[in-house]
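Visitor: Mind having a look at this structure? Questions to follow.
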Amino acid sequence: DTEVTQTPKHLVMGMTNKKSLKCEQHMGHRAMYWYKQKAKKPPELMFVYSYEKLSINESVPSRFSPECPNSSLLNLHLHALQPEDSALYLCASSQDNPSNEKLFFGSGTQLSVL
Amino acid sequence: QQPVQSPQAVILREGEDAVINCSSSKALYSVHWYRQKHGEAPVFLMILLKGGEQKGHEKISASFNEKKQQSSLYLTASQLSYSGTYFCGTEIVGSARQLTFGSGTQLTVLP
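For the protein sequence lines, the chains are Z and S, in the order given.
For the first sequence, the numbering used here assigns the number 1 to the initial residue and increments by one for each residue that follows.
For the second sequence, the numbering used here assigns the number 1001 to the initial residue and increments by one for each residue that follows.
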């Protein structure tokens, strides 16, 4: 299994809603990532988990809250989002150090905030 | 620090060659190359580590000039399947796991 699975594929939410994005991999990877991608722009790093601990937070607003329940799962909890948060949210995983290992990306969750 | 990618867009005929460039103002530990088709996830192509090297993947190869902090992706005898947006991702020395992507190069291969 060389897939990173993200659910849901599409999500529409109001600014007062609370929702969660889910990501799962069964490749034994110990690093997992959240990226945000706006249309026609490159992916932007949000969070990195290494061995289930948050190792990088790229100054992301607190309305985005990541969680890594175990080595196979990664969640992104959303609360009180703004319309400008509408984007494709990509999850990725790697063995550990991306210097030597490629990132496997999921197909993303297309989020629309109304 | 976002790497600078050029050109922004390329249109080719099948069988033609293309070069995509990526440069950084910071010392790099690695350069990654990914291709993303519309509506799909980015797909890994190759990684180049500092030390200066060239790698190949079928008709797609890349080089990394450590002295200039530049990498180039070479696509030879392009195929229709090569169409997509190509991103370089750079890892700056001292910033482990913080892969920053360039703005992308949209490649279109026409029959």
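Glycine included, C-beta positions come from ideal geometry on N, C-alpha and C.
Please state whether DSSP places residue 1081 of chain S in a helix, a strand or coil.
Guide: Locating residue 1081 of chain S in the second sequence gives position 81, where the first residue counts as 1. Residue 1081 of chain S: helix per DSSP, three-state reduction.
Visitor: Of all the options Z:15, Z:13, Z:73, Z:39, which has the alpha carbon lying nearest to the alpha carbon of residue 48 of chain Z?
Guide: What you label residue 48 of chain Z is simply residue 48 of the first sequence in a count that begins at 1. For residue 48 of chain Z, the closest of Z:15, Z:13, Z:73, Z:39 by C-alpha to C-alpha distance is Z:73.
Visitor: Under 6 angstroms Cβ to Cβ from residue 1067 of chain S, same chain only, skipping five residues before and after it: list those, please.
Guide: Locating residue 1067 of chain S in the second sequence gives position 67, counting from the first residue. Closer than 6 angstroms at the Cβ level, and outside the excluded window around residue 1067 of chain S, lies no residue.
Visitor: Within the 8 angstroms Cβ cut-off, does residue 31 of chain Z reach chain S?
Guide: Against the first sequence, residue 31 of chain Z aligns to sequence position 31. Taking Cβ atoms only, chain S reaches closer than 8 angstroms to residue 31 of chain Z, which makes this a yes.
Visitor: Determine which residues share a DSSP beta bridge with residue 24 of chain Z and list them.
Guide: Translated into positions along the first sequence, residue 24 of chain Z becomes position 24. Paired residues: Z:5, Z:73.
Visitor: Terminal residues of the continuous beta strand (DSSP E) containing residue 12 of chain Z?
Guide: Locating residue 12 of chain Z in the first sequence gives position 12, counting from the first residue. Here the beta strand (DSSP E) through residue 12 of chain Z covers 10–13.
Visitor: Do you know whose CA, among Z:62, Z:69, Z:90, lies nearest residue 9 of chain Z's CA?
Guide: Locating residue 9 of chain Z in the first sequence gives position 9, where the first residue counts as 1. Per the C-alpha coordinates, the member of Z:62, Z:69, Z:90 positioned closest to residue 9 of chain Z is Z:90.
Visitor: Output the distance between the C-alpha atoms of residue 1071 of chain S and residue 1080 of chain S, rounded to the nearest integer angstrom.
Guide: Against the second sequence, residue 1071 of chain S aligns to sequence position 71. Against the second sequence, residue 1080 of chain S aligns to sequence position 80. Going by the C-alpha atoms only, they are around 24 angstroms apart.
Visitor: In chain order, what residues of the same chain have a beta carbon less than 8 angstroms from the beta carbon of residue 11 of chain Z, not counting five sequence neighbours either side?
Guide: Here residue 11 of chain Z refers to the residue found at position 11 of the first sequence. Correct list, in chain order: 19, 21, 109, 110, 111, 112.
Visitor: Should residue 1110 of chain S be labelled buried (16 or more other beta-carbon atoms within 10 Å of its own) or exposed?
Guide: On the second sequence, residue 1110 of chain S is found 110 positions in, with the first residue counted as 1. Residue 1110 of chain S comes out exposed.
Visitor: Could you check where the beta strand (DSSP E) with residue 57 of chain Z kicks off and where it finishes?
Guide: Walking along the first sequence from the start, residue 57 of chain Z turns up at place 57. From DSSP, the beta strand (DSSP E) with residue 57 of chain Z extends over 53–57.
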